[in-house]
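What follows is a single structure, written as structure tokens, with notes after it.
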Ligand code: SF4
Ligand code: SF4
Ligand code: SF4
Ligand code: FES
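Protein chains in written order, with our numbering: chain R, 1 to 168; chain C, 169 to 1033.
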């Protein structure tokens, strides 16, 4: 008899209590996003798709020294150097195989010229494997560029290394 | 004496070891010192650095080089020596009795760190763009000494001229060399090597103090034939070459040890190839003290580009309706089989002939030999395609002299070095550097006997320039002078040689009597002689006469006990081809061994290249197989060769790229270069060296050995069960102790002169350009950056007489042909002689030559615009 009364009590007291919590959430802002209609801003140190920086005058920063490729644990970077008309070193081919890349950011760390950065972009699915090999042209930032989302991070990194270049 | 020995000892660890052994016997004092607590005993004169290296203690250096004299320019090699107030540079301090040396004490490390800090004051540290990055001594030492910061807070001094004020400062010093003065640490290694080792003065230090800089001599380019070494020895990235510049990072490469295929000494080299790519990026030296001493002539360094050039033949070609079209290997083999069988059935097997290239390895040459002798049953086989020949026997005086033992390292300790009929820089650059070394370090006496003033004679104590075509008279004159002066007791020679007196010989040869006497005196007083004969002997049609005269000299002065005399072979495996019996009539010993190995040896008439070409013209040889050779470009009288080859029913030619000869061929097969397969080569000393495969055969090319065995298989007669079986036969042949033969008595030498003709007054010499070798190097981009077209080299007087300036074209005519070439005026040539290099296909210089002539004479006229 005692158990029967307890069970009836549960139905009429505990359950509405629980349902009330559920009901309350109808009026609270949801934690999930309606992706892809909505997008979460990434943390400034997020390591997404790589991009190659330029100097203010538009010349490529990358001199094809090969240190990123040497640092890369996944062996994802391939490059071939070339000589500019002026006789300076530059990259003829610079490719990153995104299927191999583990987004560790070592390349960014290794780069002595502050040329490669891992950006914020993470949407790069594709239908075939070849499209995962990104070339230099695809990774170079536009010149002149509109704005640089990583301005603050880069500025801080540069400060550590004592480089006083202005970041656009 | 000891002083000299001291200098000599300081040239290298290995050398020091040898010297130690020799000198411990000869009683040179030894000294004992303590280095890092360990005792070491070395001959007096050894430097602290060498003594330490011998013990396995590494002392960092910048300016020291084992083959150069020490200067103590960089101060990196500091050590602490007890009872000496300051740190000492170990590379310039000799070990003394009882010295106590510390190579890694606190003070030493502090000192070295300070040196690096000083060097880095103005160093740009642009390692990311520097080609030396990864193999840079400065990087390594900086890292090892933990120099992580600079206390210098001013702006670094930079050379910025030439550009818009950036730090960019690359300056092209020569066709291949680029200098970045900002990176230079002024160790002077390049300048010293250039002067000491190569005898070139086109690079120097200019200005003093803070603004001192390395630069090329005003108005000159650094284009000497050894300039590639400067790049290799520069400890930093100041000197780079276009070959390697901005091509690849050194840590991405793998090295393969190999040997050079360009010179006959077989310099030891390293190929650098990328790990994942089938491509060679550069060649550096792999120091071998007994052969190359660590120096590579440019042909050896840049010669590898003949393998990597885009012009390589990519597939087999078969001639159809007068045009060569691409085909597969199978098709090509079928055609070869069908046509050769057809010809053999029609005319008998001896109507086939073969010509191999002396650049090929032992396995290929041996299998070629076996193919012809056992499958085609023919003695029409040869490997010489670049000089005039007469019918010959196996034991001619010349052949005996070619077989003489010769040791490159022995040039070092000779006190008399004679170069006879040889422009050493062009023909034997390694031996030339040896000669310079003996001269620099041991004050060896150098004598040069040549028909024109060769460049290598600048260190010669005595330079005898004789009339061209009178080589044997000079030799006879020397013998006569020795007899007349009573330097030798033997008088048996009298009557065997003409002319009969020194005076006559001198006037015949166009030299002075004193010169001949001087040479005779030098030879008879020398203790150890190296007598080097070169191409002007071996390419002359009178080579047997000259060789006889050389033998007389050999016997008269008793060379057997006091030196070496040899006619040096010219190509990478010339000596191997000879020892493997790739001649129409090999010596009896070889013949017996070969028929023992194969169970048969053909009886047909032996025909050498010349005889084969003559038979082709008579249509008695109708099928011909050329592998690697290019007779059309090298064999005298182009017309004769063309006629011969064109009259053939069927010609197979294999080469790396299209040549004049392959153009005439019915089937062209792409050959792999020596970097693409394993092979053994016999260098001029008779030493067998192994060249490792660096890359896989490019395109559809195949190594010569494979091509030959494929042909044999097509004929249903496989040559060997495996390549090992072939190597076993080769080993057996090479290990045959064919006793070097000597003539037992003096030989008769009757000089044969050719009279000058009025119409064609100027003697012409054909030789290699110092930057090229044979018919292939033209395709090397770097080498053709130095010289890419033929020229006619003449003396300023001659040019003045013809009223031509440098670079203007002249018409060169001989009785059989004419060509037009630009003039190059040179102080190094003289004696009314002119010289044209034979390395450039487009010039067709062989069209001027005649087959049976000792001297080529030409008429030169100015081309009017
Ligand atoms: S992020 Fe890491 S794995 Fe990806 S390319 Fe850079 S170094 Fe390689
Ligand atoms: S020479 Fe080149 S690699 Fe060496 S420290 Fe200088 S810049 Fe760096
Ligand atoms: S160029 Fe190189 S080898 Fe020559 S002095 Fe400078 S650092 Fe030394
Ligand atoms: S190596 Fe001794 S001073 Fe340079």
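Here a beta-carbon is modelled for each residue, glycine too, at the ideal position from N, C-alpha and C.
What does residue i pair with, by DSSP beta-bridge criteria?
i: residue 441 of chain C; result: C/422 and C/448
i: residue 117 of chain R; result: R/51
i: residue 631 of chain C; result: C/616
i: residue 551 of chain C; result: The partner list for residue 551 of chain C (beta bridge, DSSP) is empty, contrary to what the question assumes.
i: residue 262 of chain C; result: C/215
i: residue 200 of chain C; result: C/209
i: residue 436 of chain C; result: C/427
i: residue 721 of chain C; result: According to DSSP, which records beta bridges pairwise, residue 721 of chain C is partnered with nothing at all.
i: residue 986 of chain C; result: C/981
i: residue 818 of chain C; result: C/791
i: residue 917 of chain C; result: C/665
i: residue 140 of chain R; result: R/52
The beta strand (DSSP E) with residue i in it runs from where to where?
i: residue 348 of chain C; result: 345-348
i: residue 935 of chain C; result: 930-935
i: residue 407 of chain C; result: 407-409
i: residue 926 of chain C; result: Where residue 926 of chain C is concerned, there is no enclosing beta strand (DSSP E), given that its DSSP letter is neither H nor E.
i: residue 454 of chain C; result: Careful: residue 454 of chain C lies outside any beta strand (DSSP E) and carries neither H nor E.
i: residue 626 of chain C; result: Element bounds for residue 626 of chain C: n/a, residue is neither H nor E.
i: residue 962 of chain C; result: 960-962
i: residue 1024 of chain C; result: 1024-1030
i: residue 859 of chain C; result: 856-859
i: residue 698 of chain C; result: 697-701
The alpha helix (DSSP H) with residue i in it runs from where to where?
i: residue 904 of chain C; result: Element bounds for residue 904 of chain C: n/a, residue is neither H nor E.
i: residue 801 of chain C; result: 799-802
i: residue 811 of chain C; result: 806-814
i: residue 568 of chain C; result: 565-570
i: residue 684 of chain C; result: 681-693
i: residue 175 of chain R; result: Shown here, chain R extends from 1 to 168; a query on residue 175 of chain R therefore has no answer.
i: residue 949 of chain C; result: 949-954
i: residue 874 of chain C; result: 872-882
i: residue 595 of chain C; result: 592-595
i: residue 639 of chain C; result: 639-652
i: residue 538 of chain C; result: 530-538
i: residue 587 of chain C; result: It is not in any alpha helix (DSSP H) - residue 587 of chain C instead sits in the beta strand (DSSP E) that spans 584-588.
i: residue 676 of chain C; result: 670-677
So residue i packs on residue j, CB below 8 Å; how close in whole Å?
i: residue 816 of chain C; j: residue 530 of chain C; result: At roughly 28 Å, the Cβ-Cβ gap does not stay under 8 Å, so residue 816 of chain C and residue 530 of chain C are not in contact.
i: residue 392 of chain C; j: residue 368 of chain C; result: 4 Å
i: residue 843 of chain C; j: residue 453 of chain C; result: About 16 Å separates the two Cβ atoms, so there is no contact after all.
i: residue 838 of chain C; j: residue 480 of chain C; result: 7 Å
i: residue 812 of chain C; j: residue 785 of chain C; result: 5 Å
i: residue 684 of chain C; j: residue 670 of chain C; result: 6 Å
Unbroken beta strand (DSSP E) runs of length 3 or more, entirely within the stretch 821-852 of chain C: which are they?
-> Those beta strand (DSSP E) runs which fall completely within the stretch 821-852 of chain C and span 3+ residues are 835-838 and 847-850.
Contained alpha helix (DSSP H) runs [length at least 4] in the stretch 456-496 of chain C, N- to C-terminal order = Counting only runs of 4 or more, we get 466-470 and 473-476.
Is there contact between the stretch 502-515 of chain C and the stretch 717-731 of chain C, where contact requires at least three CB pairs shorter than 8 Å?
-> Output reads no: the stretch 717-731 of chain C does not touch the stretch 502-515 of chain C.
Minimum length 3: unbroken beta strand (DSSP E) runs contained in the stretch 503-527 of chain C = Taking 3 residues as the shortest admissible run, the stretch 503-527 of chain C contains the following complete beta strand (DSSP E) segments, listed from N- to C-terminal end: 520-524.
Would you check if there are 3 or more beta carbon pairs closer than 8 Å linking the stretch 439-452 of chain C to the stretch 85-98 of chain R?
-> Too few Cβ pairs lie closer than 8 Å, so no.
Fully enclosed by the stretch 239-318 of chain C, which alpha helix (DSSP H) runs are 4 residues long or longer?
-> Runs found: 274-288 and 305-312.
Could you tell me whether the stretch 752-768 of chain C touches the stretch 847-866 of chain C, using the rule of 3 or more Cβ pairs below 8 Å?
-> Touching, no, given that fewer than three Cβ pairs across the two stretches are closer than 8 Å.
Whole runs of the beta strand (DSSP E) within the stretch 988-1012 of chain C, excluding any shorter than 3 residues | Counting only runs of 3+ residues, the beta strand (DSSP E) found wholly inside the stretch 988-1012 of chain C occupies 1002-1005, in chain order.
Hey, which unbroken runs of the alpha helix (DSSP H) at 4 residues or more fall wholly within the stretch 71-137 of chain R?
-> Within the stretch 71-137 of chain R, the complete alpha helix (DSSP H) runs of at least 4 residues fall at 106-110.
If you scan the stretch 335-397 of chain C from start to end, which runs of the alpha helix (DSSP H) of 4 or more residues do you find wholly inside it?
-> For the stretch 335-397 of chain C, the continuous alpha helix (DSSP H) assignments of 4+ residues that do not extend past its boundaries occur at 357-360, in sequence order.
Quick check: the stretch 401-408 of chain C against the stretch 344-360 of chain C, are there 3 or more CB pairs under 8 Å?
-> Taking 8 Å as the limit for Cβ pairs, the verdict is that the stretch 344-360 of chain C does touch the stretch 401-408 of chain C.
Completely contained beta strand (DSSP E) runs for the stretch 21-70 of chain R, where each covers 3 or more residues | Fully enclosed beta strand (DSSP E) runs of no fewer than 3 residues occupy 50-52 of the stretch 21-70 of chain R, in order along the chain.
Are three or more beta carbon pairs between the stretch 805-825 of chain C and the stretch 458-471 of chain C nearer than 8 Å?
-> No: fewer than three Cβ pairs fall under 8 Å.
Enumerate, from N- to C-terminal direction, the unbroken alpha helix (DSSP H) stretches of 4 or more residues contained entirely within the stretch 717-796 of chain C.
-> Listed in chain order, they are 727-730, 742-747, 756-766 and 777-785.
Are three or more beta carbon pairs between the stretch 977-988 of chain C and the stretch 890-903 of chain C nearer than 8 Å?
-> In short, these stretches do not touch, since the Cβ pair count stays below three.
Touch check for the stretch 799-807 of chain C and the stretch 1003-1017 of chain C: three-plus C-beta pairs under 8 Å?
-> Result yes; three or more Cβ-Cβ pairs closer than 8 Å.
Would you call the stretch 733-746 of chain C and the stretch 568-581 of chain C in contact, with 3 or more CB pairs under 8 Å?
-> Segments in contact, yes.
Say whether the stretch 607-616 of chain C touches the stretch 667-678 of chain C, bearing in mind that this needs 3 or more beta-carbon pairs closer than 8 Å, one atom from each stretch.
-> As far as the Cβ criterion goes, the stretch 607-616 of chain C does not touch the stretch 667-678 of chain C, which means the pair count is below three.
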